[in-house]
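Trainee:
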Ligand code: UTP
């Protein structure tokens, strides 16, 4: 065991030793004083007894996740529901009263996309090269103009991408938003463990490997900041993910339905047509709604069909929710809701025994929480159907499905359909992709009706790319 002068440091070293994690000091003799200081700081942040509890709960041979009892397909509000238009008005009024904050979860590592930098800085726009962050900032600006007041925006980063995200927004002047109305705040992180012996992995000599605690970290973040949000007059939190450029910012219709139905947790869902599409689905278990991961739904349930041929379990989760602040952070003595942890196993490069290791199979364990795990705790939840073509085109992988190519193609089709609705003639290839490249900034329009108005003042070039900004 290494010896240190500071009693607090020495007590921490003793705890590391008791927890059988001494390998974290293997490189101590080779570290300069700054690296030693940084290692000690990181180690002070680890709650070893909590990690040991997680290991006991999830990884000991006796621990296993309880199977989900008899899920049934949930009710949802379909696209054709006639009450949606009046709900939209209700939602607009709540936005006008300043009762809604938007929370974008952007703390993920983005391993599959492989983009250097925060995922939100990925240049998704096909002509200008504008980023995901730009789309959401401009969407919020448009909505603020529509409701005539600012809307508070929380961007959840992780300790790994926080500084870069902050720098991005400063460099881009917050894309025109008022900086005091944008809170950029990191979620918590946990150490990554080696899957065989539960040793904490290292991301370099003297460096602890950390990973963000899942998008459920947003619930804890909201609980930590609930007093400030209440002071701002906020009751409803609208959340979405950074990697879906079609995700609507503070959609008044969803907010209105949430308020009208006195819901605690309201979610958008798209109709799944492929039983093997890897998105979680909403289901009812007893009196409560919940999301079941693709892998948790049995083969038979996955393929179960309604008389009209549609999948019974088809309400696919697109991770857009409205959450009641009082539900997740009640002001009563019962205290905030707790989320369960899940285990994710991934192959990860790491430093061990004085050299790098590049495993080809899963060698690591991370503990994560999921935002939708609060849904079963809600006494009133709501699922609302969304049109996939209008609202869901995530950027997850570098290539293939859910990649920048498929997401850009969905954006092109959407913008082309708006132009056609405005009477603009366009040509399409056999896959219904427009032959001209199109980009319409959210500052110009958020739908075909708004575009029609905007075109009173804008010219469409006779040929070539169509860029409307
Ligand atoms: P994903 O599950 O797709 O993870 O996150 P990811 O980290 O972005 O990508 P991979 O799996 O490493 O390739 C879905 C959304 O949840 C956010 C992400 O930023 C994304 O918006 N997220 C995920 C967080 O905010 N924090 C997390 O700890 C995990």
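Residue numbers (this note's numbering): 468 to 936. All residues carry an ideal CB built from backbone N, CA and C; glycine is no exception. Keep in mind it's a predicted model, so treat the numbers as computed, not measured.
Candidates 628, 860, 781 and 771: which alpha carbon is nearest residue 715's?
Mentor: Indexing the chain shown from 1 puts residue 715 at position 248. Cα-wise, what sits closest to residue 715 is 860.
Trainee: What separation, rounded to the nearest whole angstrom, lies between the Cα atoms of residue 602 and residue 908?
Mentor: What you label residue 602 is simply residue 135 of the chain shown in a count that begins at 1. What you label residue 908 is simply residue 441 of the chain shown in a count that begins at 1. Each residue's alpha carbon lies about 7 angstroms from the other.
Trainee: Name all residues in chain order for which at least one heavy atom of ligand 1 lies closer than 7 angstroms to the residue's CB.
Mentor: 572, 573, 574, 575, 576, 577, 578, 579, 580, 586, 623, 625, 654, 679, 680, 681, 682, 684, 685, 708, 709, 710, 786, 835 and 863
Trainee: Restricting to runs no shorter than 4 residues, where is the alpha helix (DSSP H) found entirely within the stretch 649-727?
Mentor: 684-691, 693-698 and 719-727
Trainee: Taking contact to mean at least 3 C-beta pairs separated by less than 8 angstroms, is the stretch 746-760 in contact with the stretch 566-581?
Mentor: no
Trainee: Could you tell me the distance, in whole angstroms, from the CA atom of residue 511 to the CA atom of residue 931?
Mentor: Numbered from its first residue, the chain shown carries residue 511 at position 44. Numbered from its first residue, the chain shown carries residue 931 at position 464. Those two C-alpha atoms are separated by around 58 angstroms.
Trainee: Nearest-angstrom Cα distance between residue 888 and residue 915?
Mentor: Against the chain shown, residue 888 aligns to sequence position 421. Against the chain shown, residue 915 aligns to sequence position 448. About 6 angstroms.
Trainee: Please identify the residue among 661, 633 and 744 whose C-alpha is closest to the C-alpha of residue 811.
Mentor: Locating residue 811 in the chain shown gives position 344, counting from the first residue. Out of 661, 633 and 744, 661 has the C-alpha closest to the C-alpha of residue 811.
Trainee: Starting from the Cα of residue 903, find the closest Cα among 923, 927 and 920 and give me that residue.
Mentor: Your numbering for residue 903 matches position 436 in the chain shown. Cα-wise, what sits closest to residue 903 is 927.
Trainee: Can you name the residues that DSSP bridges to residue 567?
Mentor: Translated into the one-based positions of the chain shown, residue 567 becomes position 100. BP columns for residue 567 point to 703.
Trainee: Give every residue of the same chain whose Cβ lies closer than 7 angstroms to the Cβ of residue 761, excluding the five residues on either side of it in the sequence, and list them in chain order.
Mentor: The residue given as residue 761 occupies position 294 in the chain shown. Here the set comprises 745, 746 and 747.
Trainee: Tell me, please, which residues DSSP counts as bridged to residue 823.
Mentor: Position 356 of the chain shown holds residue 823. 818.
Trainee: Using a threshold of 8 angstroms, state whether the C-beta atoms of residue 893 and residue 899 are closer than that.
Mentor: Mapped onto the chain shown, residue 893 falls at position 426. Mapped onto the chain shown, residue 899 falls at position 432. It is not a contact, given that the beta carbons lie outside the stated cut-off.
Trainee: For the alpha helix (DSSP H) holding residue 766, just list the boundary residues, first then last.
Mentor: Reading the chain shown from its first residue, position 299 is the one you call residue 766. For residue 766, the uninterrupted alpha helix (DSSP H) run begins and ends at 766-770, by DSSP.
Trainee: For residue 566, which residues of its own chain have a beta-carbon under 7 angstroms away from its beta-carbon, when the five flanking residues on both sides are left out?
Mentor: Your numbering for residue 566 matches position 99 in the chain shown. Here the set comprises 700, 701, 702 and 703.
Trainee: Taking Cβ positions, are residue 825 and residue 592 nearer each other than 8 angstroms?
Mentor: Counted from its first residue, the chain shown places residue 825 at position 358. Counted from its first residue, the chain shown places residue 592 at position 125. Taking 8 angstroms as the Cβ cut-off, residue 825 and residue 592 do not qualify as a contacting pair.
Trainee: What number of angstroms, rounded off, separates the C-alpha of residue 821 from the C-alpha of residue 494?
Mentor: Taking the first residue of the chain shown as 1, we reach residue 821 at position 354. Taking the first residue of the chain shown as 1, we reach residue 494 at position 27. Straight-line Cα distance between these residues: approximately 8 angstroms.
Trainee: What's the call for residue 719, buried or exposed, on a 16-neighbour Cβ count within 10 Å?
Mentor: On the chain shown, position 252 is the one that residue 719 refers to. Its Cβ being crowded by 16 or more others within 10 Å, residue 719 is buried.
Trainee: Per DSSP, what kind of secondary structure is residue 504 in: helix, strand or coil?
Mentor: As a position in the chain shown, residue 504 is number 37, starting the count at 1. Reduced to three states, the DSSP call for residue 504 is helix.
Trainee: Consult DSSP for residue 779 and reduce its assignment to one of helix, strand or coil.
Mentor: In the chain shown, counting from the first residue as 1, residue 779 sits at position 312. Coil.
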